[in-house]
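Only one structure is covered here, and it is reproduced in the block below.
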Amino acid sequence: MTIISETEQTTTGDLGAKADRHLWGHFARHGEGITPTIITRGDGVHIWDSNGNKYIDGLSGLFVVQVG
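Just so you know, the sequence shown maps onto residues 705 to 772 in my numbering.
Listed below in C-alpha cells is the structure:
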C-alpha cells in the first residue's frame, strides 16, 4: 500500500481541463476553448464559482420534481 503524505494543490485551470476531458455535464456549453464553470461551494439555494461569483441554483430541484 502506498501512503501519500502531501496533497497536490489543484488550480481552477486544472479542474477545467479535467472536466473537459472526462465530463459531459447537463446544461453545459461544450466546445473548443470553452472552460466549464467550476462550482466551489454551496449554501442553501446559492452556489459560488471559482471566480467568487454567486448564483441561485435554479436547477437543483429539477430532477427531483420529475421523479415526483
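Cβ atoms here follow ideal geometry from the backbone N, Cα and C, with glycine treated the same way.
Item to check | Opposing strand residues paired with H750 [DSSP bridges] | outcome: D747, I760
Next on the checklist: On the DSSP letters alone, give me the boundaries of the alpha helix (DSSP H) that L727 sits inside.
Outcome noted: Taken as a continuous stretch (DSSP letters only), L727 belongs to no alpha helix (DSSP H), as it is neither H nor E.
Item to check | Nearest-angstrom beta carbon gap, I738 and S754 [assumed within contact, 8 Å] | outcome: In fact, because the Cβ distance is near 15 Å, the residues do not count as touching under 8 Å.
Checklist entry - Taking the C-alpha atoms as reference points, what is the distance between I707 and T714? => result 19 Å
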